[in-house]
């Protein structure tokens, strides 16, 4: 059963890689939801605690990597999402 968990964890974790790569390359974060990634990082952190409490290698591995990837997107959202101040109007 642990193998099923490892494969499932790999699949769901790997699904974040294209978003991380695309966000890094384009620096475009306008369509990324800050609230969604905040909530996701919280939930994944709680899964890590759960995995530690029940001693599940699959839960720990998958959610450790997922947290790194999701936190990367969240960090890029915060860093790249800052808008530069508009220049003052010309007279």
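In my numbering, the protein residues as written are 199 to 289.
Just so you know, even glycine gets a beta-carbon here, dropped at the ideal spot from N, CA and C.
Report task. Over the uninterrupted alpha helix (DSSP H) stretch that includes residue 220, give me the two end residues. Result -> Counting along the chain, the unbroken alpha helix (DSSP H) around residue 220 starts and ends at 215 to 224.
Query raised in the report: Among 253, 243, 237, which residue has its Cα nearest to the Cα of residue 203?
Result: When only C-alpha atoms are compared, the closest one is 253.
Query raised in the report: Any chance the stretch 204 to 211 sits against the stretch 225 to 242, with 3 or more Cβ pairs inside 8 angstroms?
Result: They do not touch, by the three-pair rule.
Report task. Would you tell me roughly how many angstroms separate the C-alpha atoms of residue 256 and residue 280, rounded to the nearest one? Result -> C-alpha separation (whole angstroms): 36 angstroms.
Report task. State yes or no: is the C-beta of residue 268 within less than 8 angstroms of the C-beta of residue 238? Result -> Cβ atoms of residue 268 and residue 238: closer than 8 angstroms.
Query raised in the report: Which two residues bound the contiguous alpha helix (DSSP H) that contains residue 230?
Result: Looking at the DSSP string, residue 230 is not in any alpha helix (DSSP H), and its letter there is neither H nor E.
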